[in-house]
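K.L.:
Listed in order, the protein sequences are those of chains X and E. Per our numbering, the very first residue in the first sequence carries number 268; after that it's consecutive. Per our numbering, the very first residue in the second sequence carries number 429; after that it's consecutive.
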Amino acid sequence: MSSFITSMGFDVLFKGTNMIRLLQGLLVALKISLISVVLSIVLGIIIGMLMSLKKPVINVISRIYLEIVRIMPQMVLLFIVYFGATKALGLNVSATAASLIVFTFWGSAEMADLVRGSLISIPVIQYESSYALGMTKLQTYLYVIIPQTVRRLLPLAINLITRMIKTTSLVMMIGIVEVLKVGQQIIEANRKTSPNAAFGIFATIFLLYFLACWPISLLSRYLEKKAA
Amino acid sequence: MDPILKVEHLHKNFEDFKALEDVNLSVQKGEVVVIVGPSGCGKSTFLRCLNGLEEIDDGKVILDDKVINPGNANITKERQKIGMVFQSYDLFPHKTILQNVILAPLKVQKRDKEDASKEALELLERVGLSNKKDQYPRQLSGGQKQRVAIVRALIMHPEILLFDEVTAALDPEMVREVLEVVLSLAKEGRTMVIVTHEMAFAKAVADRIIFMDGGRIIEEGKPEEFFEKPKTERAMRFLESFEY
Numbered sequence: 268m269s270s271f272i273t274s275m276g277f278d279v280l281f282k283g284t285n286m287i288r289l290l291q292g293l294l295v296a297l298k299i300s301l302i303s304v305v306l307s308i309v310l311g312i313i314i315g316m317l318m319s320l321k322k323p324v325i326n327v328i329s330r331i332y333l334e335i336v337r338i339m340p341q342m343v344l345l346f347i348v349y350f351g352a353t354k355a356l357g358l359n360v361s362a363t364a365a366s367l368i369v370f371t372f373w374g375s376a377e378m379a380d381l382v383r384g385s386l387i388s389i390p391v392i393q394y395e396s397s398y399a400l401g402m403t404k405l406q407t408y409l410y411v412i413i414p415q416t417v418r419r420l421l422p423l424a425i426n427l428i429t430r431m432i433k434t435t436s437l438v439m440m441i442g443i444v445e446v447l448k449v450g451q452q453i454i455e456a457n458r459k460t461s462p463n464a465a466f467g468i469f470a471t472i473f474l475l476y477f478l479a480c481w482p483i484s485l486l487s488r489y490l491e492k493k494a495a
Numbered sequence: 429m430d431p432i433l434k435v436e437h438l439h440k441n442f443e444d445f446k447a448l449e450d451v452n453l454s455v456q457k458g459e460v461v462v463i464v465g466p467s468g469c470g471k472s473t474f475l476r477c478l479n480g481l482e483e484i485d486d487g488k489v490i491l492d493d494k495v496i497n498p499g500n501a502n503i504t505k506e507r508q509k510i511g512m513v514f515q516s517y518d519l520f521p522h523k524t525i526l527q528n529v530i531l532a533p534l535k536v537q538k539r540d541k542e543d544a545s546k547e548a549l550e551l552l553e554r555v556g557l558s559n560k561k562d563q564y565p566r567q568l569s570g571g572q573k574q575r576v577a578i579v580r581a582l583i584m585h586p587e588i589l590l591f592d593e594v595t596a597a598l599d600p601e602m603v604r605e606v607l608e609v610v611l612s613l614a615k616e617g618r619t620m621v622i623v624t625h626e627m628a629f630a631k632a633v634a635d636r637i638i639f640m641d642g643g644r645i646i647e648e649g650k651p652e653e654f655f656e657k658p659k660t661e662r663a664m665r666f667l668e669s670f671e672y
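(1) Output, in chain order, the set of chain A residues within a Cβ distance shorter than 7 Å of X/Tyr410.
(2) Using the beta-carbon of each residue, which ones in chain E are nearer than 7 Å to X/Ser388?
(3) Identify the continuous alpha helix (DSSP H) that holds X/Ala424 and give its terminal residues.
(4) Which residues in the same chain have their Cβ closer than 8 Å to the Cβ of E/Leu552, if we skip the five residues on either side of it in sequence?
(5) What is the rounded straight-line gap between the Cα of E/Val609 and the Cα of E/Lys631?
(6) Can the beta-carbon of X/Ala365 be found closer than 9 Å to that of X/Val382?
(7) Report the residue ranges of all beta strand (DSSP E) runs contained in full by the stretch 487-560 of chain E; include only those spanning at least 3 residues, in chain order.
(8) Start and end of the beta strand (DSSP E) containing E/Lys573?
(9) List in chain order: all unbroken beta strand (DSSP E) runs of 3+ residues lying wholly within the stretch 313-370 of chain X.
(10) What residue range does the beta strand (DSSP E) around E/Arg644 cover?
(11) For the stretch 434-452 of chain E against the stretch 479-492 of chain X, are there 3 or more C-beta pairs whose distance is under 8 Å?
(12) Within a Cβ cutoff of 7 Å, which residues of the same chain sit near X/Pro482, ignoring the five residues on either side of it in sequence?
(13) For E/Thr619 and E/Lys509, I'd like the C-alpha separation in whole angstroms.
(14) Mind checking who E/Leu590 pairs with in its DSSP beta bridge?
(15) Spell out whether any CB of chain X is found under 9 Å from the CB atom of E/Lys505.
(16) For chain X, is any of its Cβ atoms less than 9 Å away from the one on E/Arg580?
(17) Between E/Ala577 and chain X, is any beta-carbon pair separated by less than 9 Å?
(18) Report the neighbours of E/Pro521 on chain X: residues whose CB is nearer than 8 Å to its CB, in chain order.
(19) Buried or exposed: which applies to E/Arg507, given that a residue is buried once 16 or more other Cβ atoms fall within 10 Å of its Cβ?
(20) Between E/Met584 and E/Pro651, how many whole angstroms is the CB-CB distance? I'm expecting something under 8 Å.
(21) Drop a sphere of 10 angstroms on the beta-carbon of E/Asn479, count the other beta-carbons inside from all chains shown, and report buried for 16 or more, exposed for fewer.
(22) Smallest Cα separation from X/Ser397: which of E/Glu601, E/Tyr517, E/Thr624 and E/His625?
(23) What's the gap between the Cα of X/Pro323 and the Cα of X/Met286?
(24) Cα-Cα, which of X/Ile472, X/Leu478, X/Leu475 and X/Phe466 is closest to X/Phe271?
(25) Go ahead and pull the three-state DSSP assignment for E/Gln616.
(26) To which residues does DSSP link E/Phe442 through a beta bridge?
(27) Taking 7 Å as the limit between beta carbons, can you name the residues of its chain near E/Phe629, skipping five residues before and five after?
(28) Taking C-alpha atoms, which residue in X/Leu310, X/Arg330 and X/Ala424 lies nearest to X/Ser375?
(29) Kindly indicate if chain E contains any beta-carbon less than 9 Å away from that of X/Ser385.
(30) For E/Asp450, which three-state DSSP category applies?
(31) Since E/Glu436 sits in a beta bridge, which residues does DSSP pair it with?
(32) May I have the straight-line CA-CA distance separating E/Asp486 from E/Ser454, to the nearest angstrom?
(33) List, in order along the chain, the chain E residues whose C-beta lies closer than 7 Å to that of X/Tyr398?
(34) Between E/Asp562 and chain X, is the shortest Cβ-Cβ distance under 9 Å, so that the two count as touching?
(35) Could you check where the alpha helix (DSSP H) with E/Val462 kicks off and where it finishes?
(36) Between the stretch 634-642 of chain E and the stretch 654-668 of chain E, can you find at least three pairs of beta-carbon atoms closer than 8 Å?
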């Protein structure tokens with residue numbers, strides 16, 4: 268058994284504070300994703316509602332915004348904000364702030380598009396039959412439109428959230444020591460004593476990400492069932 | 429007697445298209461007015477103007493001495509006096525049948541839940557659907573959904589009911605169950621304005637027939653007169669189109 272653990276490179280986890288360091292790295296990644304997910308949901312809902320108004324000016328701006336987010340790899344966005352902005356604009360943006368900016372910028376765009384899509388998928392007749400019953404605009408949104416929108420939005424939003432959590436692994440490219448970076452450091456440091464550490468470490472990271480995202484998937488399934 | 433609903437010189441345009449031109453109508457309390465006419469003649473638009481779902485360009489819609497206007501601050505109050513049932517079964521898909529029916533009484537009229545539910549069940553019983561109260565709209569047939577939509581309008585105690593081609597989207601075998609409900613409401617002496625393509629039904633239910641074409645009222649009269657010997661050539665051609 269112990270030889271299996273060693274040959275698979277899991278032994279390195281039990282050396283020193285390695286496991287704790289990995290978990291701390293995961294926390295760094297989760298903190299960045301959690302903050303940007305919350306900001307993205309709030310901003311995305313607001314922007315998505317604005318987009319559903321179909322005002323030409325808003326349409327043009329949001330279109331450009333969405334296209335930028337779609338076309339640019341997140342890593343390029345990170346580099347632009349972290350290296351570009353600090354040098355070109357003389358701003359002193361910390362790596363964490365830069366990644367929060369980028370992930371919120373990205374997440375808000377995707378969230379906004381999902382909100383817009385869910386909102387416009389509600390047939391006009393749902394509004395009209397609410398008005399015909401004497402409901403105000405606010406009541407119509409509160410009791411008829413938003414509950415239906417949320418139900419359509421939920422699985423899509425959850426998918427986006429898990430994607431955002433996974434993509435935070437990119438922040439190590441701008442020097443943030445998150446779980447993947449910690450993993451690399453551990454592998455490097457133990458190259459001589461545990462040459463097989465790579466497998467053990469990355470498998471552990473895989474498991475950690477799984478543990479972070481799986482509950483979200485479960486929650487989404489539960490909520491979908493409850494809403495149906 | 430003063431009419432309950434009065435429409436004066438109503439004009440409605442969609443950009444350059446004149447959907448309604450100088451439409452005048454008054455409906456007495458307890459009267460059943462049926463509007464017929466070819467597709468696109470403006471009859472549905474007319475109905476939608478009656479409860480402020482469409483902006484009107486000129487003229488007036490007056491219900492109970494109050495002007496109906498989408499911009500009015502009290503439009504929601506006026507709309508409670510007008511029950512409307514649409515062509516598509518427009519129940520709220522995320523709510524059960526009972527919840528669909530009591531939503532507006534609870535939220536708009538602030539009625540007591542127990543009291544509203546009790547009345548809802550009585551009305552559902554009347555259309556033969558009280559056993560479906562905890563089901564969702566998707567579990568019901570088109571005809572059943574349409575009957576629930578009628579109940580949902582009735583529970584608000586409207587002074588006038590508007591029916592916009594309520595059977596047009598139904599399978600033929602379900603048309604009858606819906607029309608029978610409408611017919612029973614007419615017998616109760618309710619005030620109704622009905623848009624329909626079912627000529628036999630129009631004949632049976634109407635106190636007065638309005639024939640519209642090209643956004644205007646072309647002819648109106650008693651059902652027997654209109655269907656037996658229409659006065660205008662356009663009405664004649666329209667009625668012929670229903671014969672084989």
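The beta carbon of each residue, even a glycine, is placed where N, CA and C say it ideally should be.
P.N.:
To lay it out plainly:
(1) Looking at the structure shown, chain A is missing, and the protein chains on hand are X and E.
(2) Within the first sequence, the letter at position 121 stands for residue 388 of chain X. Correct list: empty, because the minimum Cβ distance to chain E is about 12 Å.
(3) Taking the first sequence and counting its residues from 1, the one referred to as residue 424 of chain X is at position 157. Start and end: Ile413 to Thr434.
(4) By 1-based counting over the second sequence, the position of residue 552 of chain E is 124. Counting only Cβ-Cβ distances below 8 Å, and skipping sequence neighbours, we find Ile525, Leu526, Val529, Ser558, Lys560, Lys561, Val576 and Val579.
(5) Mapped onto the second sequence, residue 609 of chain E falls at position 181. Mapped onto the second sequence, residue 631 of chain E falls at position 203. C-alpha separation (whole angstroms): 16 Å.
(6) Reading the first sequence from its first residue, position 98 is the one you call residue 365 of chain X. Reading the first sequence from its first residue, position 115 is the one you call residue 382 of chain X. No.
(7) If you keep only unbroken beta strand (DSSP E) runs of at least 3 residues inside the stretch 487-560 of chain E, you get 510-513.
(8) The residue you call residue 573 of chain E lines up with position 145 of the second sequence. Here E/Lys573 belongs to no beta strand (DSSP E); instead the alpha helix (DSSP H) covers Gly570 to Leu582.
(9) The beta strand (DSSP E) runs of length 3 or more contained entirely in the stretch 313-370 of chain X do not exist; there are none.
(10) Against the second sequence, residue 644 of chain E aligns to sequence position 216. Run containing E/Arg644: Arg644 to Gly649, per the beta strand (DSSP E) assignment.
(11) Short answer: they don't touch.
(12) Taking the first sequence and counting its residues from 1, the one referred to as residue 482 of chain X is at position 215. Nothing meets the Cβ criterion.
(13) The sequence position of residue 619 of chain E within the second sequence is 191, counting from 1. The sequence position of residue 509 of chain E within the second sequence is 81, counting from 1. Their Cα atoms are separated by approximately 11 Å.
(14) Within the second sequence, the letter at position 162 stands for residue 590 of chain E. E/Leu590 is bridged to E/Met512 and E/Val621.
(15) What you label residue 505 of chain E is simply residue 77 of the second sequence in a count that begins at 1. Interface residue, yes.
(16) Locating residue 580 of chain E in the second sequence gives position 152, counting from the first residue. It does; some Cβ of chain X falls within 9 Å.
(17) Residue 577 of chain E sits at position 149 when you count from the first residue of the second sequence. Output row for E/Ala577: interface = yes.
(18) Counting from 1 along the second sequence, the entry for residue 521 of chain E is found at position 93. Within 8 Å Cβ-Cβ: Gln415.
(19) Within the second sequence, residue 507 of chain E is the residue found at index 79, counting from 1. Flag for E/Arg507 reads buried.
(20) Counting from one through the second sequence, the residue named residue 584 of chain E turns up at place 156. Counting from one through the second sequence, the residue named residue 651 of chain E turns up at place 223. About 28 Å; that fails the 8 Å criterion.
(21) Your numbering for residue 479 of chain E matches position 51 in the second sequence. It counts as buried.
(22) Start at 1 with the first residue of the first sequence, and residue 397 of chain X comes out as number 130. Closest by alpha carbon: E/Tyr517.
(23) Start at 1 with the first residue of the first sequence, and residue 323 of chain X comes out as number 56. Start at 1 with the first residue of the first sequence, and residue 286 of chain X comes out as number 19. When rounded, the distance between both Cα atoms is 53 Å.
(24) Against the first sequence, residue 271 of chain X aligns to sequence position 4. If you compare the alpha carbons of X/Ile472, X/Leu478, X/Leu475 and X/Phe466 with that of X/Phe271, the shortest gap goes to X/Phe466.
(25) As a position in the second sequence, residue 616 of chain E is number 188, starting the count at 1. In the sequence on display, residue 616 of chain E carries Glu and not Gln. E/Glu616: coil per DSSP, three-state reduction.
(26) As a position in the second sequence, residue 442 of chain E is number 14, starting the count at 1. Looking at the DSSP assignment, E/Phe442 forms a beta bridge with E/Phe445.
(27) Counting from 1 along the second sequence, the entry for residue 629 of chain E is found at position 201. For E/Phe629, where only same-chain residues beyond five positions count, the Cβ hits under 7 Å are Leu607.
(28) Within the first sequence, numbered from 1, the residue matching residue 375 of chain X stands at position 108. Selected option, being the one with the closest Cα: X/Leu310.
(29) Residue numbering aside, residue 385 of chain X sits at position 118 when the first sequence is read from its first letter. Taking Cβ atoms only, chain E never reaches closer than 9 Å to X/Ser385, which makes this a no.
(30) Locating residue 450 of chain E in the second sequence gives position 22, counting from the first residue. DSSP places E/Asp450 in the strand class (E or B) of the three-state scheme.
(31) What you label residue 436 of chain E is simply residue 8 of the second sequence in a count that begins at 1. According to the DSSP secondary-structure assignment, E/Glu436 is paired through a beta bridge with E/Lys488.
(32) Looking up residue 486 of chain E in the second sequence gives position 58. Looking up residue 454 of chain E in the second sequence gives position 26. For E/Asp486 and E/Ser454, the distance between alpha carbons rounds to 17 Å.
(33) Taking the first sequence and counting its residues from 1, the one referred to as residue 398 of chain X is at position 131. Listed along chain E, the residues sitting closer than 7 Å to X/Tyr398 by beta-carbon distance are Leu481 and Arg507.
(34) Within the second sequence, the letter at position 134 stands for residue 562 of chain E. Among the CB atoms of chain X, none fall inside 9 Å of the CB of E/Asp562.
(35) In the second sequence, residue 462 of chain E corresponds to position 34, counting from 1. In this chain, E/Val462 is not harboured by any alpha helix (DSSP H); it is covered by the beta strand (DSSP E) spanning Val460 to Val464.
(36) Judged by Cβ distances under 8 Å, the stretch 654-668 of chain E makes contact with the stretch 634-642 of chain E, as three or more pairs qualify.
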